[in-house]
Amino acid sequence: MKILVIPDVHLKPWMFDRAKEIMDTGAAEKAVCLMDIPDDWGQEYNLGLYEDTFDAAIRFQKAFPDTLWCYGNHDLSYEWLQYESGFSSMAIPVVNEKLSALRRELPGRSQMAYIHRIDDVLFLHGGLTHAFVKYYASDVEYDDTDAVIEKINCLGRDEMWDDASPLWLRPQFYYEKMYKEAGILQVVGHTPVEEIDRIGNVLSCDLFSTYRTGDPIGTQEFLLIDTATWEYKGIK
107 MKILVIPDVH LKPWMFDRAK EIMDTGAAEK AVCLMDIPDD WGQEYNLGLY
157 EDTFDAAIRF QKAFPDTLWC YGNHDLSYEW LQYESGFSSM AIPVVNEKLS
207 ALRRELPGRS QMAYIHRIDD VLFLHGGLTH AFVKYYASDV EYDDTDAVIE
257 KINCLGRDEM WDDASPLWLR PQFYYEKMYK EAGILQVVGH TPVEEIDRIG
307 NVLSCDLFST YRTGDPIGTQ EFLLIDTATW EYKGIK
């Protein structure tokens with residue numbers, strides 16, 4: 107299946123407009139969003155931008171009802187009241203209200219989760235390690251990927267608000283043995299990269315994040331991936 111990946115959004119509503127244009131061409135059969143919808147440099151008081159960005163996400167969901175959404179740390183920081191870089195105390199009501207509104211548009215509750223699987227490709231915000239699976243999914247068969255995902259998708263704040271969790275992991279910065287390195291590809295955001303980059307079984311695509319100055323770090327491309335062949339390319 108050909109999937110259009112919408113990486114970390116961070117208050118850029120136009121990303122959803124552009125993604126819709128790409129989807130309307132028929133280039134992809136389904137979209138997956140790696141979320142981090144709220145927060146960006148210096149925007150803590152720009153509540154209108156928070157609202158506009160979530161409204162754009164909701165419009166996209168209405169246009170493409172089978173879209174999958176992968177929680178990011180910035181999304182859940184508001185639900186769990188976990189302060190971090192960029193967190194806006196002023197925006198707590200807006201983010202929680204709009205995130206709930208987005209969920210209400212989903213035909214199935216499972217469409218928003220930490221991890222989604224299509225064929226042998228996992229979509230998630232940060233990355234899934236061998237050690238995390240061994241520790242938190244020790245009561246299911248390691249090679250039963252669906253059971254592992256189901257187990258992890260049921261975890262809460264205490265397990266997930268940790269640098270080693272699928273919300274926070276940054277495998278681009280240091281080596282960690284990843285889950286099923288030989289048979290599973292992981293598509294992740296969270297860590298800004300300059301271009302689409304695959305190292306081992308981790309494919310990084312956070313290409314829309316910016317420096318504090320507002321200058322782009324990456325190429326501002328969407329990832330288009332074929333989950334059957336693992337072939338991929340960027341779309342401006």
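Residues 107 to 342 (this note's numbering) make up the sequence shown, in order.
Built from N, CA and C at the ideal position, the CB exists for glycine as well.
Note that the coordinates shown come from a computational prediction; the quantities given were computed from them, not determined experimentally.
| Check | Outcome |
| --- | --- |
| If you follow the beta strand (DSSP E) that Thr297 is in, where does it begin and where does it stop? | 291-298 |
| Name the DSSP bridge partner or partners of Trp175? | Cys139, Met218 |
| Whose CA, out of Ala237, Val293, Val200, lies closest to the CA of Ile224? | Val293 |
| Where do the N-terminal and C-terminal ends of the beta strand (DSSP E) with Trp205 fall, by residue? | This sequence places Leu at residue 205; Trp is not what is there. No beta strand (DSSP E) holds Leu205; the alpha helix (DSSP H) holding it covers 198-210. |
| Skipping 5 residues on each side, what residues in its chain have a beta carbon closer than 6 Å to that of Leu117? | Asp146, Gln149, Leu155, Thr159 |
| Do Gly233 and Glu282 count as a contact pair if the criterion is CB distance below 9 Å? | yes |
| With DSSP collapsed to three states, give me the class of Arg276. | coil |
| Classify Met129 as helix, strand or coil using the three-state DSSP reduction. | helix |
| From Cys176, Tyr242, Leu273, Arg263, pick the residue whose C-alpha is nearest to that of Arg215; which is it? | Cys176 |
| Quick one: what does DSSP say Phe229 is sitting in, helix, strand or coil? | strand |
| Near Glu300, what residues of its chain come up, given a Cβ to Cβ distance below 6 Å and the 5 sequence neighbours on each side ignored? | Gly324 |
| Taking the alpha carbon of Cys311 as the point to measure from, which residue in Val239, Asp114, Glu135, Val254 has its own alpha carbon closest? | Asp114 |
| Could you check which residue in Leu228, Ala162, Leu205 has the C-alpha nearest to that of Trp336? | Leu228 |
| Quick check on Leu313: buried or exposed, where buried means 16 or more other Cβ atoms within 10 Å of its Cβ? | buried |
| Under 8 Å Cβ to Cβ from Asn152, same chain only, skipping five residues before and after it: list those, please. | Leu117 |
| Say whether the stretch 244-254 touches the stretch 179-190, bearing in mind that this needs 3 or more beta-carbon pairs closer than 8 Å, one atom from each stretch. | no |
| Since His236 and Tyr285 should fall inside the 8 Å C-beta cutoff, what is the C-beta to C-beta distance between them, to a whole number of angstroms? | 6 Å |
| Let me know if Asp142 comes out buried or exposed under the rule of 16 or more other beta-carbons within 10 Å of its beta-carbon. | buried |
| What residue range does the alpha helix (DSSP H) around Arg304 cover? | No alpha helix (DSSP H) contains Arg304, which is instead part of the beta strand (DSSP E) from 303-305. |
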